[in-house]
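Number of protein chains: 2
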Amino acid sequence: MDLKKYLKEKKEMVDKALEGYLPMEEEDFDIITKAMRYSLFAGGKRVRPILCIAGAEAVGGMKGQILPVACALELIHTYSLIHDDLPALDNDDYRRGVPTSHKVFGEAIAILAGDALLTEAFKLMSHPDVRKGINSERLLEVIHIVSYAAGYHGMVRGQVADLLSEDKEVHTDTVEYIHMHKTGALITASVLSGGILGGGSETEIASLKSYGQKVGLAFQIADDLLDVEGQSHIMGKEAGSDIKSKKATYVAVIGLNESREMARHFISLALDAISSFDHRADPLRAIAHYIIERKY
Amino acid sequence: MDLKKYLKEKKEMVDKALEGYLPMEEEDFDIITKAMRYSLFAGGKRVRPILCIAGAEAVGGMKGQILPVACALELIHTYSLIHDDLPALDNDDYRRGVPTSHKVFGEAIAILAGDALLTEAFKLMSHPDVRKGINSERLLEVIHIVSYAAGYHGMVRGQVADLLSEDKEVHTDTVEYIHMHKTGALITASVLSGGILGGGSETEIASLKSYGQKVGLAFQIADDLLDVEGQSHIMGKEAGSDIKSKKATYVAVIGLNESREMARHFISLALDAISSFDHRADPLRAIAHYIIERKY
Numbered sequence: 001m002d003l004k005k006y007l008k009e010k011k012e013m014v015d016k017a018l019e020g021y022l023p024m025e026e027e028d029f030d031i032i033t034k035a036m037r038y039s040l041f042a043g044g045k046r047v048r049p050i051l052c053i054a055g056a057e058a059v060g061g062m063k064g065q066i067l068p069v070a071c072a073l074e075l076i077h078t079y080s081l082i083h084d085d086l087p088a089l090d091n092d093d094y095r096r097g098v099p100t101s102h103k104v105f106g107e108a109i110a111i112l113a114g115d116a117l118l119t120e121a122f123k124l125m126s127h128p129d130v131r132k133g134i135n136s137e138r139l140l141e142v143i144h145i146v147s148y149a150a151g152y153h154g155m156v157r158g159q160v161a162d163l164l165s166e167d168k169e170v171h172t173d174t175v176e177y178i179h180m181h182k183t184g185a186l187i188t189a190s191v192l193s194g195g196i197l198g199g200g201s202e203t204e205i206a207s208l209k210s211y212g213q214k215v216g217l218a219f220q221i222a223d224d225l226l227d228v229e230g231q232s233h234i235m236g237k238e239a240g241s242d243i244k245s246k247k248a249t250y251v252a253v254i255g256l257n258e259s260r261e262m263a264r265h266f267i268s269l270a271l272d273a274i275s276s277f278d279h280r281a282d283p284l285r286a287i288a289h290y291i292i293e294r295k296y
Numbered sequence: 297m298d299l300k301k302y303l304k305e306k307k308e309m310v311d312k313a314l315e316g317y318l319p320m321e322e323e324d325f326d327i328i329t330k331a332m333r334y335s336l337f338a339g340g341k342r343v344r345p346i347l348c349i350a351g352a353e354a355v356g357g358m359k360g361q362i363l364p365v366a367c368a369l370e371l372i373h374t375y376s377l378i379h380d381d382l383p384a385l386d387n388d389d390y391r392r393g394v395p396t397s398h399k400v401f402g403e404a405i406a407i408l409a410g411d412a413l414l415t416e417a418f419k420l421m422s423h424p425d426v427r428k429g430i431n432s433e434r435l436l437e438v439i440h441i442v443s444y445a446a447g448y449h450g451m452v453r454g455q456v457a458d459l460l461s462e463d464k465e466v467h468t469d470t471v472e473y474i475h476m477h478k479t480g481a482l483i484t485a486s487v488l489s490g491g492i493l494g495g496g497s498e499t500e501i502a503s504l505k506s507y508g509q510k511v512g513l514a515f516q517i518a519d520d521l522l523d524v525e526g527q528s529h530i531m532g533k534e535a536g537s538d539i540k541s542k543k544a545t546y547v548a549v550i551g552l553n554e555s556r557e558m559a560r561h562f563i564s565l566a567l568d569a570i571s572s573f574d575h576r577a578d579p580l581r582a583i584a585h586y587i588i589e590r591k592y
């Protein structure tokens, strides 16, 4: 299959939907709208929405119905980037080649824009229009899975572990813990949500969950590798910045070659998890390969 | 009715439920659990959960089923306090007589604890156990109303307007705008959620919404009045601190006497809104009276 075309089409579909879901800059006090839109349209690849759509397609579901949920995942991802970049956390001035939210709008608005994006995600998933096309039980299940992945048990925990590990000697299991929570949880939830909304069986959903977990880890390792190998103008941040700040990454703990090997290992496990799926899971397969091959 | 007894009973019920819903401090990286619990159990009066319960009772609904939603409202309220107190926002060192989250745990953990509480609220509302006892459609409606009130269209907008109004001449309509969004939206959503989960009719729910809007405004005016009239040891912050920092409050704009009159006016409108309800709305009536009579 032509993955490049697939990713482009799906990204455009997601971008168009996001454009429609987000509030416009026409009301009073619209600095918050500007800030929400600034980070949301700052060049994201829409990995999570696309995984959600591909997850639904893998079990044969309609993709139209799941766009609001797919977009909600991107809102949550964007919120997490804005808050992670704050001076009190990672203190990053640039992200994807442009100044981070707090550098443009100030810390107060950056915090509130993150809060608003996170809350907007749940508003979007529970919107009356979404409820028309989707079984309510399944939708509630998805809201539960996404909030579980984004909150205390997932992303937030990963970020806390990451903070506490800075400037410390860490072992592989800590790095895996951080990646599984900080990045892996929402990526897994993305594929899972798609599978649930697409009407997948219990077995199919379990397989998609396993695929998501492995792909999530591989994705983060690949990101760590790109941080070291990449050029600053491609990554949009100074290459090697994670190493310099002594971040807990696979590369820092087990080195470049072993990290590459480990990413390939996880991708192979991800492919195994969906080996019983038919051709409709080809996008998921192609995405898995792409993760370790991408150059940006 | 004995409101004091009612409030005490309901507060205990909410506190007990919250205790059970929140993660325990037994896992790794439990500084985030500590921070979440610290702010959640820092002496809140549980106004929003109690309004939710009273809203359900007013339409004759069971109160047991709605506890998770009632508690979720308190999680959202607590998150908003933690983020509002941050140095980048109101920069408050004390809240309810104890140091604020960022003073105890640092800014990074305070930001993440707020994020976690907000996300946990949606996890709680969509939990499988909750779904067993409540119609899924109604539950999704409540999640939508709560996220609408907490996010871009509600609390966040109010906070942004408040920030932008600091140190500026403001008029009554701006103060009302801020209060309606920052405090009023979630208070209204609390009463409304109770009414919806309690199985209220469309007319009843519209009346509860109107009650919530008026009570929300009166509640905030009463808070402003207490800030000026109150003693620091009762309010847990320096009395008059809002005036000193030139916050947009009714008291600052129209003065003490007119503010008192306006609070009474809104309470009278709130009582009118539920005048057709029978004795089961007595708690809502008593709470409305209490708001302008309370001394802390």
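Those protein sequences? They're chains A and B, same order as listed.
So for the first sequence, the working numbering puts the first residue at 1; every next one is plus one.
So for the second sequence, the working numbering puts the first residue at 297; every next one is plus one.
From the three backbone atoms N, C-alpha and C, an ideal C-beta is built for every residue, glycine too.
8 angstroms Cβ shell around Ile492 of chain B - same chain, five flanking residues per side excluded
Counted from its first residue, the second sequence places residue 492 of chain B at position 196. Counting only Cβ-Cβ distances below 8 angstroms, and skipping sequence neighbours, we find Arg434, Glu437, Val438, Ile441 and Ile501.
Environment of Pro345 of chain B [buried if 16+ CB atoms lie within 10 Å]
For the purposes of this step, residue 345 of chain B is taken as the residue at position 49 of the second sequence. Buried is the call here.
Determine whether the Cβ of Phe401 of chain B lies closer than 8 angstroms to any Cβ atom of chain A.
As a first step, residue 401 of chain B must be located in the second sequence, where it is residue number 105. No, no contact with chain A.
Report the start-end ranges of each alpha helix (DSSP H) in the stretch 101 to 186 of chain A that is 4 residues or longer and not cut off at the edges.
Runs of the alpha helix (DSSP H) inside the stretch 101 to 186 of chain A: 101 to 105, 107 to 125, 128 to 133, 136 to 150, 155 to 165 and 172 to 179.
Any beta carbon of chain A sitting closer than 8 angstroms to that of Ala446 of chain B?
For the purposes of this step, residue 446 of chain B is taken as residue 150 along the second sequence, with counting starting at 1. Chain A, which has a Cβ nearer than 8 angstroms to the Cβ of Ala446 of chain B, makes this yes.
What's the call for Ser39 of chain A, buried or exposed, on a 16-neighbour Cβ count within 10 Å?
By one-based count along the first sequence, residue 39 of chain A stands at place 39. Classification for Ser39 of chain A: buried.
Member of A:Ala110, A:Ala116 and A:Arg294 whose CA lies at the smallest distance from the CA of Phe222 of chain A:
Translated into positions along the first sequence, residue 222 of chain A becomes position 222. The question names Phe, yet the displayed sequence has Ala at residue 222 of chain A. With respect to the C-alpha of Ala222 of chain A, the residue from A:Ala110, A:Ala116 and A:Arg294 having the closest C-alpha is A:Arg294.
Ignore the nearest five residues each way along the sequence and tell me which others in Leu413 of chain B's own chain have a CB closer than 8 angstroms to its CB.
If you number the second sequence from 1, residue 413 of chain B lands on position 117. Contacts found: Met332, Ser335, Leu336, Leu371, Ile372, Thr374, Tyr375 and Ile378.
For Ala577 of chain B, which of B:Glu554, B:Ile550, B:Val487 and B:His561 has the nearest alpha-carbon?
In the second sequence, the residue the question calls residue 577 of chain B occupies position 281. When each option's Cα is compared against that of Ala577 of chain B, the closest is B:Val487.
Segment contact flag, the stretch 419 to 428 of chain B with the stretch 90 to 109 of chain A, C-beta cutoff 8 angstroms, min 3 pairs
Touching, no, given that fewer than three Cβ pairs across the two stretches are closer than 8 angstroms.
Going along the chain, which residues of its own chain have a beta-carbon closer than 6 angstroms to the beta-carbon of Val426 of chain B, five neighbours each way excluded?
Here residue 426 of chain B is taken as the residue at index 130 of the second sequence, counted from 1. Cβ neighbours of Val426 of chain B within its own chain (closer than 6 angstroms, five residues either side excluded): Pro364.
Tell me whether Gly340 of chain B is buried or exposed, calling it buried when 16 or more other Cβ atoms sit within 10 Å of its Cβ.
For the purposes of this step, residue 340 of chain B is taken as residue 44 along the second sequence, with counting starting at 1. Under a 10 Å Cβ-count criterion, Gly340 of chain B is classified as buried, with 16 or more other Cβ atoms of the shown protein chains found around its own Cβ.
By Cβ distance, which residues of its chain are closer than 6 angstroms to Lys214 of chain A, with the 5 residues on each side in sequence left out?
The residue labelled residue 214 of chain A in the question sits at position 214 within the first sequence. Excluding its 5 nearest sequence neighbours in each direction, Lys214 of chain A has C-beta neighbours in its own chain below 6 angstroms: Phe266, Leu269 and Ala270, listed in chain order.
With a threshold of 8 angstroms between beta carbons, is Asp388 of chain B in contact with chain A?
Walking along the second sequence from the start, residue 388 of chain B turns up at place 92. Chain A, which has no Cβ nearer than 8 angstroms to the Cβ of Asp388 of chain B, makes this no.
Who are the Cβ neighbours of Ala417 of chain B in its own chain at under 7 angstroms, not counting the five residues just before and after it?
Reading the second sequence from its first residue, position 121 is the one you call residue 417 of chain B. Once the five neighbours on either side are set aside, the close Cβ partners of Ala417 of chain B are Ala368, Leu371 and Ile372.
Would you mind listing the alpha helix (DSSP H) stretches within the stretch 560 to 589 of chain B that are 4+ residues and don't spill past its ends, in chain order?
You should have 578 to 589.
Where does Gly20 of chain A fall in DSSP's three states?
Counted from its first residue, the first sequence places residue 20 of chain A at position 20. Helix, per DSSP.
Leu522 of chain B versus Gly551 of chain B: straight-line alpha-carbon distance, rounded:
On the second sequence, residue 522 of chain B is found 226 positions in, with the first residue counted as 1. On the second sequence, residue 551 of chain B is found 255 positions in, with the first residue counted as 1. One alpha carbon belongs to Leu522 of chain B, the other to Gly551 of chain B, and they sit about 13 angstroms apart.
Determine which residues of the stretch 447 to 461 of chain B have a Cβ less than 7 angstroms from any Cβ of chain A, and write them out in chain order.
Close to chain A, meaning a Cβ-Cβ distance shorter than 7 angstroms, are the following residues of the stretch 447 to 461 of chain B: Gly447, Tyr448, Val452, Arg453, Gln455, Val456, Ala457, Leu459 and Leu460.
Would you kindly check if the distance between the Cβ of Thr484 of chain B and the Cβ of Phe515 of chain B is under 8 angstroms?
The residue you call residue 515 of chain B lines up with position 219 of the second sequence. The residue you call residue 484 of chain B lines up with position 188 of the second sequence. By the CB criterion at 8 angstroms, Phe515 of chain B and Thr484 of chain B fall outside the cutoff.
Tyr586 of chain B to Val355 of chain B span [Cα, whole Å]:
Walking along the second sequence from the start, residue 586 of chain B turns up at place 290. Walking along the second sequence from the start, residue 355 of chain B turns up at place 59. Between Tyr586 of chain B and Val355 of chain B, the C-alpha separation is close to 21 angstroms.
Within 10 Å of its beta-carbon, does Glu403 of chain B have 16 or more other beta-carbons around it, so buried, or fewer, so exposed?
The residue given as residue 403 of chain B occupies position 107 in the second sequence. By the neighbour-count definition (other C-beta atoms within 10 Å, threshold 16), Glu403 of chain B is a buried residue.
Using a Cβ-Cβ cutoff of less than 7 angstroms, which residues in the same chain neighbour Pro23 of chain A once the five nearest sequence positions on both sides are dropped?
Counting from 1 along the first sequence, the entry for residue 23 of chain A is found at position 23. Within the same chain, Pro23 of chain A has close Cβ partners Thr33.
Going along chain A, which residues have a C-beta under 7 angstroms from Glu416 of chain B?
By 1-based counting over the second sequence, the position of residue 416 of chain B is 120. Simply Gly151 and Tyr152.
Cross-chain neighbours of Lys123 of chain A in chain B, by beta carbon under 7 angstroms
Mapped onto the first sequence, residue 123 of chain A falls at position 123. The answer, in chain order, is His440, Ser443, Tyr444 and Gly447.
If Met1 of chain A sits next to Ala288 of chain A, beta carbons under 8 angstroms apart, how far is it from one beta carbon to the other, in whole angstroms?
Against the first sequence, residue 1 of chain A aligns to sequence position 1. Against the first sequence, residue 288 of chain A aligns to sequence position 288. Not confirmed; about 13 angstroms, so no contact.
Rounded straight-line distance, which links the Cα of Ile588 of chain B to that of Ala559 of chain B
For the purposes of this step, residue 559 of chain B is identified with residue 263 of the second sequence, where counting begins at 1. For the purposes of this step, residue 588 of chain B is identified with residue 292 of the second sequence, where counting begins at 1. Computed Cα separation, rounded: 7 angstroms.
Tell me, which residues are paired with Pro395 of chain B by DSSP?
If you number the second sequence from 1, residue 395 of chain B lands on position 99. Paired residue(s): B:Tyr390.
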